[in-house]
Amino acid sequence: MPAEAPAPGILHGGRRERTIMLIDGQSFYASVEKAAHPAYRDRPVAVGDPERRAGIILAACPLAKKRGVTTAERLFEALAKCPELVVIRPRMQTYITISLLITEIYESFTELVEPYSIDEQFLDVTGSLGTSGDADALAREIQAKVLLSTGVWSRVGIGPSKILAKMATDNFAKKRAGGVFRFTGDNVETDLWPLPVEQMFMVGSRMTYHFWRMGVRTIGDIARMELGDFQRKLRRAMGRQSDIQAGYYWQTARGIDPSPVVASVREALQSVSHGKALRAGHYRELADIEVVLLELVIEVCRRARRLGRQGRVVSVGAVESDGERSYSFSRQTTLPQATSLTHEVAAAARRLLVAHWRGRPVSRLFISLTQLSGDDTYQLTLFEDRTAAYELERASDTIKARFGDDALMRASSLLEAGVARERAEQIGGHYR
């Protein structure tokens, strides 16, 4: 059985109980845009592509939400609810820049800052509280500094663990005018446990259904059970393989989470990959699909060289659909030697595509390079000057890094099937 979380304020092994914050930027994209456009301060604002009425809303400011606009709904639906809605095209590079600036602000308070998403970050402020130990006052100081620097209002959840800080933010801080809520050993049972079980972190609709079948309605219904009893109940609902899940949810309900705030999470790189969703029904011919495949290979190889990696295994995947039937495949091949040269990877990728494509329109295409190794050494061959090939590729990389992704482009990308020109103006599928 997992150990109980230490009581607040008690020293364990000479260490003071942790004070963790999860800080969330309110309506982040929309807040950045309202700060950049003071004229819209008192108007409902949403971020989306105004030229695509069937596109989705990426973010909506509080004024827009009060008028019924919700994130991820279609633009035409939002405008039907709120005709005066100001819709601003997303600028992903700007949002990334602001997010990095906010990280630097957090790092002025503590070295232990762990990004969770573009608008959420964990902070371990245990060593930043001084003798007063007033986490609420520190949270308000951070809020004020971020707001003054970026125009983004922050909500702060505080707790002795990352999981409690996250649930404090999502369920309480976001709903309070001051935007700060703190879990301690005294209020977890009174404030957290009465919440519906679907408001517990990482509980989606499928798990909610299982919990309801078990008679579990609140977070406290889980927390008050012994772990063994909860495991037996979940087994009956989900099968014997559910013991690990039971342990996770039981600890979450009790706020038990020993994981540290890690300033930089860097795992060994396992693959370099890239994919693209394609316009429905447009990619019916092999020649058109090959154009996009080559563009994906170029990007994967460029990214691999930037990371100082090369790979021996090339994988290609695709989703095919004719409107009635859908089929997907993912196949791989091992190359004679590791590479990040575009022409070598492209040749292998094309062979896989030709061998396994069934002839239906392709709606998604994917490529990856795995079995990675460093590119400081590479295999020479008798029939090709691979050193010269790498020098040419790296020269191309340098030009693109300095002048933009579209500074150099294959002629095939100028065909109607090409997507590289459009992607050069985007980050993560959205305009910069």
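The numbers in full-length UniProt numbering rise by one with no breaks, and the one at position 146 of the sequence shown is 146.
C-beta atoms are modelled at their ideal positions from N, C-alpha and C, and glycine is treated no differently.
Exercise. Contact between the region 32–48 and the region 77–96: three or more CB pairs below 8 Å?
Worked result: A contact between stretches requires three or more CB pairs, one per stretch, nearer than 8 Å, and the region 32–48 meets this requirement with the region 77–96.
Problem set entry | Environment of residue 520 [buried if 16+ CB atoms lie within 10 Å] | The structure shown does not extend to residue 520, since the chain is modelled only from 1 to 432, so the question has no answer here.
Problem set entry | Of the residues Val362, Asp376 and Met200, the one placed nearest Lys276, counting alpha carbons only | Here the closest residue by C-alpha is Val362.
For this session: Pick out the complete beta strand (DSSP E) segments inside the region 246–277, 3 residues or longer, and give them in chain order.
Result: 271–277
Exercise. Would you call the region 89–109 and the region 63–77 in contact, with 3 or more CB pairs under 8 Å?
Worked result: no
For this session: Please say whether Arg182 and Ile163 have beta carbons closer to each other than 8 Å?
Result: no
For this session: Since I believe Met409 is in contact with Ala420 (beta carbons under 8 Å), could you give me their beta-carbon distance rounded to a whole number of angstroms?
Result: Confirmed, Cβ separation roughly 6 Å.
For this session: Would you please state the rounded distance, in angstroms, between the beta carbons of Leu414 and Ile367? I believe it to be under 8 Å.
Result: The Cβ separation is near 21 Å, so there is no contact.
Problem set entry | Neighbourhood of Phe76 by C-beta distance below 8 Å, restricted to the same chain and skipping five residues each side | Within the same chain, Phe76 has close Cβ partners Arg53 and Ala54.
Problem set entry | Coarse secondary structure for Thr201, derived from DSSP in three states | A small correction: the amino acid at residue 201 is Phe; Thr does not occupy that position in the sequence shown. DSSP, read as helix, strand or coil, puts Phe201 in coil.
Exercise. When the distance is taken between beta carbons, is Thr110 closer than 8 Å to Ser128?
Worked result: yes
Problem set entry | Helix, strand or coil at Gly228 according to DSSP, with G and I counted as helix | In the structure shown, Gly228 falls within a helical segment according to DSSP collapsed to helix, strand and coil.
Exercise. Counting Cβ pairs closer than 8 Å, one from the region 42–52 and one from the region 190–206, do we hit at least three?
Worked result: By the Cβ test, the region 42–52 is not in contact with the region 190–206, since fewer than three Cβ pairs between them sit closer than 8 Å.
For this session: Determine the direct distance from the alpha carbon of Leu296 to that of Leu269, and round the result to whole angstroms.
Result: 19 Å
For this session: Using alpha carbons as the reference points, say which of Tyr390, Val180 and Gln332 lies closest to Asp24.
Result: Val180
Exercise. Expressed to the nearest angstrom, what Euclidean distance is found between the alpha-carbon atoms of Leu307 and Gly374?
Worked result: 9 Å
Exercise. What's the gap between the Cα of Cys301 and the Cα of Ser412?
Worked result: 17 Å
Problem set entry | Extent of the continuous alpha helix (DSSP H) to which Leu392 belongs | Arg386 to Phe403
Exercise. Contact between the region 340–359 and the region 251–264: three or more CB pairs below 8 Å?
Worked result: no
For this session: Look at the Cβ atom of Arg152, then the Cβ atom of Leu138, and state whether they are nearer than 8 Å.
Result: The residue asked about is misnamed: residue 152 is Val in this sequence, not Arg. 8 Å or more divides the Cβ of Val152 from the Cβ of Leu138.
Exercise. Leaving out the 5 sequence neighbours to the left and right, which residues in its chain are closer than 6 Å to Leu63 when beta-carbon positions are compared?
Worked result: Pro44
Problem set entry | One or two residues paired with Met21 in a DSSP bridge | Leu123 and Ile158.
For this session: Could you have a look at Gln379 and say whether DSSP puts it in helix, strand or coil?
Result: coil
Problem set entry | Residue from Phe383, Leu341 and Glu141 whose Cα sits closest to the Cα of Ala395 | Leu341
For this session: Compare the Cα-Cα distances from Ser108 to each of Trp212, Asp136 and Glu141 and report the closest residue.
Result: Glu141
Exercise. Taking Asp136 as the reference, which of Ala165, Ala304 and Gly323 has the closest Cα?
Worked result: Ala165
Exercise. To the nearest whole angstrom, what separates the beta carbons of Ser154 and Gln241, a pair I think is in contact under 8 Å?
Worked result: Actually they are not in contact, since the Cβ atoms of Ser154 and Gln241 sit about 40 Å apart, beyond 8 Å.
Problem set entry | Contact belief for Trp250 with Thr218 at Cβ below 8 Å, rounded distance in angstroms | Not quite, the Cβ-Cβ distance comes to about 14 Å (not below 8 Å), so this is no contact.
Problem set entry | Cα-Cα separation, Thr103 to Ala263 | 11 Å
For this session: If I'm right that Ser321 touches Arg279 with Cβ under 8 Å, what's the distance once you round it to whole angstroms?
Result: No, Ser321 and Arg279 are not in contact; Cβ-Cβ is about 12 Å, not under 8 Å.
Exercise. Just checking my contact of Thr334 with Arg351 at CB under 8 Å: how many whole Å lie between their CB atoms?
Worked result: So it is not a contact: roughly 12 Å between Cβ atoms.
Exercise. Going by Cα to Cα distance, which pick from Ala168, Gly404, Glu299 and Leu382 is closest to Ala346?
Worked result: Glu299
For this session: Note down, in chain order, each residue of its chain lying with its Cβ closer than 8 Å to the Cβ of Ile10, except the 5 sequence neighbours on either side.
Result: Caution applies to Ile10, whose pLDDT of 37 falls short of 50 and renders its modelled position unreliable; the value that the coordinates give is listed next. Cβ within range, chain order: Glu17.
For this session: Using DSSP bridges, identify the partner residues of Pro196.
Result: Thr218
Exercise. Once you ignore the five residues that flank Arg41 on each side, which residues in its own chain have a CB closer than 7 Å to its CB?
Worked result: Lys34
For this session: Give the straight-line distance between the Cα atoms of Leu148 and Gly130, rounded to the nearest whole angstrom.
Result: Cα to Cα, the separation comes out at about 24 Å.
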